[in-house]
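Asks: Quick one: the structure is below, questions incoming.
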């Protein structure tokens, strides 16, 4: 679902805010607006969003006005138009406006592997250390 907001209104809203907000969230010329979903690294859906391109080569995110949440430092972005996943860092958030820096190249949904979010247990680590290394033939 795309959050109904038009780029000229978005620019007007951003330009009326503080200078730091303006430098972080100004849409790029010909910015693509597309539906997306933010997920935690453990595959939990955070919320549906609207994604758009920023002048700073980062990705802008509009959170739904009725579901403004503080995002974790790293999120997975599901771009529903391009059918890709990418891990991103949250660099800036002001109310429903978020700026994300892409950390990994966007990957097709079928090829994406969610990162491990849990540390390996001590037993698994010690077993791996004790296992003999096999030589490639």
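In this note's numbering, the protein residues as written are 3 to 139.
C-beta atoms are modelled at their ideal positions from N, C-alpha and C, and glycine is treated no differently.
A quick note: this is a predicted structure, and the numbers were derived from the prediction, not measured.
Report the three-state DSSP secondary structure of residue 111 (helix, strand or coil).
Replies: Residue 111: coil per DSSP, three-state reduction.
Asks: Below 8 Å CB to CB, which residues in the same chain sit around residue 82 once its five sequence neighbours on both sides are set aside?
Replies: Excluding sequence neighbours, residue 82 sits near 36, 37, 38, 39.
Asks: Just the C-alpha distance for residue 114 and residue 87, rounded to the nearest angstrom, thanks.
Replies: When rounded, the distance between both Cα atoms is 7 Å.
Asks: Which residues bound the beta strand (DSSP E) around residue 68?
Replies: First-last for residue 68: undefined, no H or E at that position.
Asks: Identify whether residue 106 lies in helix, strand or coil by the three-state DSSP scheme.
Replies: Reduced to three states, the DSSP call for residue 106 is coil.
Asks: Helix, strand or coil: how does DSSP classify residue 37 here?
Replies: Strand, per DSSP.
Asks: So residue 95 is in the beta strand (DSSP E); what residue range does that whole segment cover?
Replies: That run of the beta strand (DSSP E) goes 86-96.
Asks: Please tell me whether residue 78 and residue 89 are closer than 8 Å, where the distance is taken between their beta carbons.
Replies: Contact flag set, yes.
Asks: What is the DSSP secondary structure of residue 80, counted as helix, strand or coil?
Replies: Strand, per DSSP.
Asks: What's the C-alpha gap between residue 44 and residue 33?
Replies: Taking the straight line from one Cα to the other gives about 30 Å.
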